[in-house]
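> 118 is the number of the first residue of the sequence shown in my numbering; add one for each residue after it.
Beta carbons: idealized from backbone N, C-alpha and C, even for Gly.
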Amino acid sequence: MPLEQISWWQDVREYRRVAKNRKALREPGKGTDYTDERFRDVVNRVVARIHPKRMKLRVKEILPQTATAKTFCFERVDGPLPPFRAGQYVNVMVTVEGVRTSRPYSISSAPGAERLELTLRNKPEGFVAPYLFNTLKVGDVLDTTGPAGHFYYEPLIDGEDLVFLAGGSGITPFMSMIRDALERQRPLRIHLLYGCRMPEEVMFKGELEKLAANHPGFTFSPVISEPPDGYEGLKGFLDSTLMERLVGDVQGKTFYVCGPRVMHDFCVAALKELKVPERKIRQELYGTPEDVSQEPGWPEGLSRDMVFEVEVAGKKMILARAGEPLLNALERSGLVVPALCRSGECSACRIRLLTGKVFVPSQAKVRESDRKAGYIHSCVSYPVGNLKVRI
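1. How is the beta strand (DSSP E) around residue 248 delimited, first residue to last?
2. If you run the structure through DSSP and keep just helix, strand and coil, what is residue 382?
3. Could you tell me which of 461, 430, 314 sits nearest to residue 405, measuring between CA atoms?
4. Excluding five sequence neighbours on each side, which residues of the same chain lie with their C-beta closer than 7 Å to the C-beta of residue 304?
5. Could you tell me the distance, in whole angstroms, from the CA atom of residue 380 to the CA atom of residue 154?
6. Kindly indicate which three-state DSSP category residue 265 falls into: helix, strand or coil?
7. Suppose you measure from the CA of residue 389 to the CA of residue 395; what does that come to, to the nearest Å?
8. Candidates 245, 183, 263, 251: which alpha carbon is nearest residue 205's?
9. Go to residue 295, then tell me how far its alpha helix (DSSP H) extends in each direction, as first and last residue.
10. Does the structure place the stretch 183 to 203 close enough to the stretch 227 to 236 that three or more beta carbon pairs sit under 8 Å?
11. With a threshold of 8 Å on Cβ separation, who are the neighbours of residue 402 within its own chain once the five nearest residues in sequence on each side are excluded?
12. Can you pull the DSSP bridge partners for residue 354?
13. Any chance the stretch 437 to 444 sits against the stretch 492 to 500, with 3 or more Cβ pairs inside 8 Å?
14. Considering only residues of the same chain and omitting the five flanking positions on each side of residue 423, which have a CB-CB separation below 6 Å?
15. Helix, strand or coil: which one does DSSP assign to residue 493?
16. In terms of residues, what are the limits of the alpha helix (DSSP H) holding residue 330?
17. Can you tell me the Cα-Cα spacing of residue 472 and residue 506, whole angstroms?
18. If I follow the unbroken alpha helix (DSSP H) through residue 446, where does it start and stop?
19. Thinking C-alpha only, which one of 508, 431, 209, 245 is nearest residue 170?
20. Taking DSSP's pairing of strands, which residues face residue 191 in a bridge?
21. Count the other CB atoms, across all protein chains shown, that sit within 10 Å of the CB of residue 348; report buried if there are 16 or more and exposed otherwise.
22. Residue 188 and residue 238 look like a contact to me (Cβ under 8 Å); what is the Cβ gap, rounded to whole Å?
23. Return helix, strand or coil for residue 362, following the three-state DSSP convention.
24. Just grab the DSSP bridge partners of residue 239 for me.
25. Looking at C-alpha atoms only, which residue of 399, 254, 474 is the closest neighbour of residue 427?
26. So, with DSSP's three-state summary, where would you put residue 122?
27. Compute the minimum distance between the beta carbon of residue 170 and the heavy atoms of the ligand MN, and state whether it is under 7 Å.
28. Measuring alpha carbon to alpha carbon, tell me which residue in 489, 419, 180, 413 is nearest residue 477.
29. Assign residue 168 to buried or exposed, taking buried as 16 or more other Cβ atoms, counted over all protein chains shown, within 10 Å of its Cβ.
30. Between the beta-carbon of residue 391 and the beta-carbon of residue 355, is there less than 8 Å?
31. In terms of residue numbering, what span does the beta strand (DSSP E) encompassing residue 514 cover?
32. Between which residues of its own chain and residue 254 is the CB-CB distance below 7 Å, once the five residues before and five after are set aside?
33. Within the continuous alpha helix (DSSP H) that includes residue 224, where are the two ends?
34. Sorted by chain position, which residues of the same chain lie with C-beta nearer than 7 Å to residue 416's C-beta, five sequence neighbours on each side aside?
35. Helix or strand or just coil, what does DSSP make of residue 272?
36. Helix, strand or coil: how does DSSP classify residue 307 here?
If you want it as structure tokens, here you go:
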């Protein structure tokens, strides 16, 4: 028999064997019944243990970072700490001045650490951060979600040459990433550009300098925008000129951006000026615009202080200002809306818009499927008239 014919018969026999095995897998047998309720219960318990929806975290230690920042070290009360990806966050749920609300905070500790650490900066204009910063003490217990978020290193997509652009408390997810990468000895080149207003506001300064001195693949460049007289370090802003000088050729590099909204938008614009492809810009949005009325597309003549009526179907009528996210107004009125990122990315806070119109900033990543189904993400939706919604 010719060699080609032998090969053909071998292929036929292999196909028959595979087809027979596939048929056997589809037919009921004596193996594990994966539809059995007891088996599902076991799987659900394992999943809940590894990926908990809720956690109770107790403050074990509080470490000062700067005059306006602290690291809160937690242990879990209701089970072991779950695994997470460096760069993810947990959503902290609190009641402040009678309002039940939540805020996402990036995890600053590395995955696998004995404690979960959150580093908070005290913002006088904030609502939750000042409350936690000034009242949280050792022994207190917080309710949080499990780790969430998509701002983490993806080897197949991001490559091995990374540039981290951080501003203020936006350093926190990068601390988790840097610690994780260096502890695991990943073959990466990481350059951290950290923008702060003054030298004394640089968080983790001593640790970052030590890591840079001991790891040739890691470079730390703090940049101060309001330096004191005689300051000899890098000065200015994280603009395209400074990036090009410090980073060099942007070809093949992946840029991660995390910080206040103004800094975030400034850096993304600078990267586009340097012709960095959009797929090479990874972003973590912190909160909503400080003044949404300055956003492109804001209705002409509409004051952000204008107040509208919002009818919550089957519940109550509330008032909401044009210049604040609808989610804030709902929470302030005592209504509970699930929320995670509070920046328009995760869709956890979506509600159905029955009548009326809202303004959504262009940076918000609202899913097209939600738009078509009539849902809005309440954390980035601003009323521009009277509304009727359903939670």
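Once the coordinates are examined:
1. Indexing the sequence shown from 1 puts residue 248 at position 131. It is not in any beta strand (DSSP E) - residue 248 instead sits in the alpha helix (DSSP H) that spans 245 to 252.
2. In the sequence shown, counting from the first residue as 1, residue 382 sits at position 265. Residue 382: helix per DSSP, three-state reduction.
3. To locate residue 405, count along the sequence shown from 1; it is residue 288. Comparing Cα positions, the closest option is 461.
4. Locating residue 304 in the sequence shown gives position 187, counting from the first residue. Excluding sequence neighbours, residue 304 sits near 277.
5. Start at 1 with the first residue of the sequence shown, and residue 380 comes out as number 263. Start at 1 with the first residue of the sequence shown, and residue 154 comes out as number 37. Roughly 51 Å separates the two Cα atoms.
6. Position 148 of the sequence shown holds residue 265. Here residue 265 sits in strand by DSSP.
7. Reading the sequence shown from its first residue, position 272 is the one you call residue 389. Reading the sequence shown from its first residue, position 278 is the one you call residue 395. Those two C-alpha atoms are separated by around 8 Å.
8. For the purposes of this step, residue 205 is taken as residue 88 along the sequence shown, with counting starting at 1. Closest option to residue 205, Cα to Cα, is 263.
9. Position 178 of the sequence shown, counting from 1, holds the residue named residue 295. Residues 289 to 300.
10. yes
11. Position 285 of the sequence shown holds residue 402. Counting only Cβ-Cβ distances below 8 Å, and skipping sequence neighbours, we find 378, 381, 458, 460, 461, 462, 480.
12. Counting from 1 along the sequence shown, the entry for residue 354 is found at position 237. In DSSP, residue 354 forms no bridge with anything.
13. yes
14. Taking the sequence shown and counting its residues from 1, one reaches residue 423 at position 306. Cβ within range, chain order: 439.
15. By 1-based counting over the sequence shown, the position of residue 493 is 376. Here residue 493 sits in strand by DSSP.
16. Counted from its first residue, the sequence shown places residue 330 at position 213. That run of the alpha helix (DSSP H) goes 322 to 331.
17. As a first step, residue 472 must be located in the sequence shown, where it is residue number 355. As a first step, residue 506 must be located in the sequence shown, where it is residue number 389. Going from the Cα of residue 472 to the Cα of residue 506 covers about 7 Å.
18. Position 329 of the sequence shown holds residue 446. Residues 443 to 449.
19. To locate residue 170, count along the sequence shown from 1; it is residue 53. Among 508, 431, 209, 245, the Cα nearest to that of residue 170 is on 209.
20. Here residue 191 corresponds to residue number 74 of the sequence shown, with the count starting at 1. Bridge partners of residue 191: 176, 233.
21. Here residue 348 refers to the residue found at position 231 of the sequence shown. Exposed, by the Cβ-count rule.
22. Reading the sequence shown from its first residue, position 71 is the one you call residue 188. Reading the sequence shown from its first residue, position 121 is the one you call residue 238. That belief does not hold up - the Cβ atoms of residue 188 and residue 238 are roughly 11 Å apart, past 8 Å.
23. One-based indexing of the sequence shown puts residue 362 at position 245. The answer is helix: DSSP assigns residue 362 an H, G or I state.
24. Here residue 239 refers to the residue found at position 122 when the sequence shown is read from its first residue. Partner(s): none; residue 239 has no beta bridge.
25. Taking the sequence shown and counting its residues from 1, one reaches residue 427 at position 310. Of the listed residues, the one whose Cα sits closest to residue 427 is 474.
26. Position 5 of the sequence shown holds residue 122. Per-residue confidence for residue 122 stands at a pLDDT of 43, beneath the threshold of 50, marking its modelled position as unreliable; the derived number appears in the next sentence. Looking at residue 122 - three-state DSSP - the assignment turns out to be helix.
27. Absent from the structure shown: the ligand MN. Ligands present: none.
28. Start at 1 with the first residue of the sequence shown, and residue 477 comes out as number 360. Closest option to residue 477, Cα to Cα, is 413.
29. Taking the sequence shown and counting its residues from 1, one reaches residue 168 at position 51. So residue 168 counts as exposed.
30. To locate residue 391, count along the sequence shown from 1; it is residue 274. To locate residue 355, count along the sequence shown from 1; it is residue 238. No. Outside cutoff.
31. Only positions 118 to 508 of the chain appear in the structure, and residue 514 is not among them; the question remains open.
32. For the purposes of this step, residue 254 is taken as the residue at position 137 of the sequence shown. So the qualifying residues of the chain are 176.
33. Within the sequence shown, the letter at position 107 stands for residue 224. Where residue 224 is concerned, there is no enclosing alpha helix (DSSP H), given that its DSSP letter is neither H nor E.
34. Working through the sequence shown from its first residue, we reach residue 416 at position 299. Cβ within range, chain order: 476, 501.
35. Working through the sequence shown from its first residue, we reach residue 272 at position 155. Residue 272: helix per DSSP, three-state reduction.
36. Reading the sequence shown from its first residue, position 190 is the one you call residue 307. Here residue 307 sits in strand by DSSP.
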